[in-house]
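Residue numbers (the working numbering): 11 to 314.
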């Protein structure tokens with residue numbers, strides 16, 4: 011009897027230590043993300059701080075369309091054209107992604123059942139897992155000649171090309187989050203609408219979508235953040251030309267693509283090097299604000 015009590019005590023003591031160990035591992039995993047984000051921000055700020063303090067003219071940096079950091083006589087560090095290129099590609103990507111994402115989320119969440127739903131959800135996740143460089147090669151080798159032939163333009167590496175590719179890239183994550191938002195709508199809303207004689211489509215458009223609007227907005231914002239920070243696909247599909255676009259058939263250059271293309275060719279510590287890190291700081295702040303807004307929106311819908 012005494013031996014059994016000792017064994018029971020040892021088992022409970024062991025379980026307590028295992029529980030505490032798991033809690034510690036989970037805590038370290040959670041806090042490490044915050045530490046890494048702070049570390050990244052400190053690093054890029056340290057590398058770009060000298061340019062911000064000593065060289066950067068804010069009016070020229072944000073207001074000039076001329077990005078010529080390699081000019082030995084009069085280097086220019088204007089990112090207006092880069093911002094315009096990034097914004098135009100991201101905006102067109104949203105035009106492409108939002109209808110596909112909402113349509114897919116509505117079908118998977120409201121119409122598909124059983125194995126069909128599971129299959130479609132797996133396919134959406136697989137699309138999200140395709141590397142961005144693969145999407146970039148699709149834009150470079152497939153979309154480029156198609157745009158040239160269909161629209162009779164000299165170059166197919168344009169805002170249109172990058173917007174379509176980026177839209178297809180952001181659609182899976184937007185679909186997943188939008189579906190979660192639709193599933194969060196209580197079934198009693200649907201049942202009450204159907205009891206009043208509403209059709210299936212009326213239930214969706216008059217009840218489900220308005221009730222899930224905050225979650226759907228969060229999905230769109232996360233899609234914006236995903237598109238704004240994309241690098242390789244945009245680098246390969248835009249034409250990489252410093253230009254303020256006036257149509258979807260213009261070649262542009264994105265902020266992220268500029269960093270990726272030029273950072274390896276600059277002298278460490280030079281103004282050009284620090285200017286690229288300053289662009290990184292700008293991108294970090296913008297994407298942080300976008301993701302924070304999306305998180306606050308999603309938290310709001312969960313509380314509701």
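Cβ atoms here follow ideal geometry from the backbone N, Cα and C, with glycine treated the same way. Fair warning: this is a prediction, and the values are worked out from it, not measured in the lab.
Sub-8 Å separation of residue i and residue j beta-carbons
i           : j           : result
residue 79  : residue 267 : no
residue 250 : residue 263 : yes
residue 291 : residue 55  : yes
residue 74  : residue 58  : no
residue 225 : residue 304 : no
residue 138 : residue 130 : no
residue 98  : residue 181 : no
residue 243 : residue 179 : yes
residue 115 : residue 189 : yes
residue 185 : residue 132 : no
residue 193 : residue 203 : no
residue 195 : residue 218 : yes
residue 77  : residue 86  : yes
Which residues DSSP lists as bridging residue i, in chain order
i           : result
residue 77  : 87
residue 262 : 249
Identity of the residue in the options nearest residue i by Cα
i           : options               : result
residue 269 : 297, 240 and 296      : 240
residue 170 : 111, 223, 64 and 103  : 103
residue 272 : 245, 112 and 253      : 245
residue 187 : 233, 299 and 205      : 233
residue 222 : 243, 26, 265 and 200  : 200
residue 147 : 296, 252 and 172      : 172
residue 259 : 211, 28, 109 and 159  : 159
residue 230 : 257, 191 and 195      : 191
residue 297 : 283, 278, 274 and 265 : 265
residue 295 : 39, 25, 47 and 37     : 47
residue 140 : 128, 96, 175 and 210  : 175
residue 109 : 68, 35, 29 and 177    : 177
residue 210 : 51, 38 and 120        : 120
residue 257 : 151, 136, 163 and 307 : 163
Presumed contact (8 Å Cβ cut-off) between residue i and residue j, rounded CB distance
i           : j           : result
residue 156 : residue 168 : The pair is not a contact, with the Cβ atoms about 12 Å apart (cut-off 8 Å).
residue 254 : residue 107 : Contact doesn't hold; Cβ gap of about 23 Å is too wide.
residue 165 : residue 261 : 6 Å
residue 65  : residue 281 : 5 Å
residue 288 : residue 61  : 5 Å
residue 238 : residue 300 : 7 Å
Contact test: residue i Cβ vs the ligand COA heavy atom, cutoff 7 Å
i           : result
residue 194 : With respect to small molecules bound, the structure shown includes none, and the ligand COA cannot be examined in it.
Residue-chain proximity (residue i, chain C), Cβ-Cβ < 8 Å
i           : result
residue 255 : Judged by its chain identifiers, the structure shown contains no chain C, having just a single protein chain.
Hey, which unbroken runs of the beta strand (DSSP E) at 3 residues or more fall wholly within the segment 181-239? none
Scan the segment 120-156 and note each continuous beta strand (DSSP E) run of 3 residues or more that stays entirely inside, going in chain order. none
In chain order, which alpha helix (DSSP H) runs of at least 4 residues are fully inside the segment 93-121? none
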